[in-house]
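Here's the structure we're looking at; comments come further down.
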Amino acid sequence: MFGAVYGDVIGSHYEVHCTKNYNFPFENDSSFTDDSVLIAAVCKTILNDPSEIGRFGVRARSYQFAAQYRQFYSYFPHAGFGNMFSEWAKEPSAKQNRSYANGAAMRVFPIAYAYKDFTQMMLQVKASCLPTHNHREAITAASAVAASVRIALDGGSKDDIKEYIEDRFYDISTPLSTLRENHVFDSRASYSVPPAIIAFLESHDYESAIRNAVSLGGDADTQACIAGGIAEAFYHEIPEHIKQFCDRRIDITIKNAVREFENKYCK
Ligand SMILES: [Mg+2]
9 MFGAVYGDVI GSHYEVHCTK NYNFPFENDS SFTDDSVLIA AVCKTILNDP SEIGRFGVRA
69 RSYQFAAQYR QFYSYFPHAG FGNMFSEWAK EPSAKQNRSY ANGAAMRVFP IAYAYKDFTQ
129 MMLQVKASCL PTHNHREAIT AASAVAASVR IALDGGSKDD IKEYIEDRFY DISTPLSTLR
189 ENHVFDSRAS YSVPPAIIAF LESHDYESAI RNAVSLGGDA DTQACIAGGI AEAFYHEIPE
249 HIKQFCDRRI DITIKNAVRE FENKYCK
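Position one of the sequence shown corresponds to residue 9 (the working numbering), numbered consecutively onward.
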């Protein structure tokens with residue numbers, strides 16, 4: 009799970025200072041952002057109530073996710089949340105948002121770890137999307153990320169992941185080098201999530217997945233969060249120097265939630 013959080017940390021500087029350089033340095037002003045905050049919120053939701061749900065339980069489950077999103081937002085309101093999310097989070101009676109941005113895909117990792125059955129996982133993914141991203145594009149992206157992680161955890165190959173994604177969700181046949189030329193900041197899920205998956209598919213280890221995702225330019229923290237989360241599930245290994253760089257830059261509340269979750273679900 010920390011693989012996604014570390015991607016967020018390393019990418020945070022480059023969300024503002026876009027780079028196309030694969031060998032970019034890790035910058036001192038890097039910090040966790042909304043991606044990590046909401047991953048922690050999803051961890052907490054599952055830790056509080058891991059029950060499986062049926063098709064008619066999705067709505068009730070979405071309220072549980074919503075409560076934790078709001079709770080964690082209240083701890084870190086300045087972590088880089090978008091306006092639309094902030095307005096929603098500050099207003100307890102706010103209705104569902106229909107955002108089609110990548111915010112639902114960046115926080116979905118704990119679900120893929122906790123629910124091994126694909127049907128159950130997808131119901132949980134949907135419930136996690138509904139409060140803020142009740143939009144087909146956002147749900148598709150979140151489902152694609154969760155599926156990638158689950159296939160990796162089940163021992164699937166990159167070809168298995170690619171085939172699954174291409175069959176159901178996206179055309180991901182364009183190489184990263186081609187995408188990089190014109191890639192810009194656009195947090196729309198259908199624009200930024202497929203390249204993040206490709207960044208993982210073209211990697212050879214955890215660090216190269218992060219470097220691929222950040223050096224696309226654009227929404228670097230979220231792209232690296234997504235590529236890093238899948239890469240961790242696939243490679244099972246994060247270099248020590250990355251852990252040391254990032255661990256100092258993550259708030260203890262986030263760390264504790266993610267650690268507690270890892271102890272239960274990632275052994
Ligand atoms: Mg962010």
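Cβ atoms here follow ideal geometry from the backbone N, Cα and C, with glycine treated the same way.
Asked	Found
T127: CB within 7 Å of a non-hydrogen atom of ligand 1	no
Cβ contact (3+ pairs, closer than 8 Å) linking the segment 17-24 and the segment 60-74	no
Residue of N36, N220, Y273 and D175 minimising C-alpha distance to G205	Strictly speaking, residue 205 in this sequence is Ile, with Gly absent from that position. If we check each option's Cα against that of I205, N220 comes out closest.
Cβ separation of A135 and S39, assumed to be a contact under 8 Å, to the nearest whole Å	Going by Cβ atoms, the distance from A135 to S39 rounds to 29 Å, so no, they are not a contact pair.
Contact test: G11 Cβ vs ligand 1 heavy atom, cutoff 7 Å	no
Alpha helix (DSSP H) segment containing D255, residue limits	E248 to D255
A109 - DSSP class collapsed to helix/strand/coil	strand
With 16 other Cβ atoms within 10 Å as the buried cut-off, status of K98	exposed
Cβ-heavy atom distance, G88 to ligand 1, below 7 Å	yes
Ligand 1 heavy atom lying under 7 Å from the CB of T41	yes
DSSP beta-bridge partners of H86	Its beta-bridge partners do not exist; DSSP assigns none.
Any non-hydrogen atom of ligand 1 within 7 Å of D194 CB	no
Length at least 4, wholly inside the segment 41-69: the alpha helix (DSSP H) runs in chain order	42-56
Beta-carbon gap between S185 and D227 smaller than 8 Å	no
Distance between beta carbons of Y214 and Y243, contact taken as under 8 Å	5 Å
Contact test: T140 Cβ vs ligand 1 heavy atom, cutoff 7 Å	no
Residues of its chain near E268, where Cβ-Cβ distance is below 8 Å and the 5 sequence neighbours each way are ignored	C51 and L55
Between the CA atoms of S101 and E210 - distance to the nearest angstrom	43 Å
Validate contact between the segment 141-158 and the segment 114-121 using beta carbons, cut 8 Å, 3 pairs	yes
Contact test: D229 Cβ vs ligand 1 heavy atom, cutoff 7 Å	yes
Alpha-carbon spacing of S181 relative to H191, whole angstroms	15 Å
Cβ neighbour criterion (16 or more within 10 Å) applied to R144	exposed
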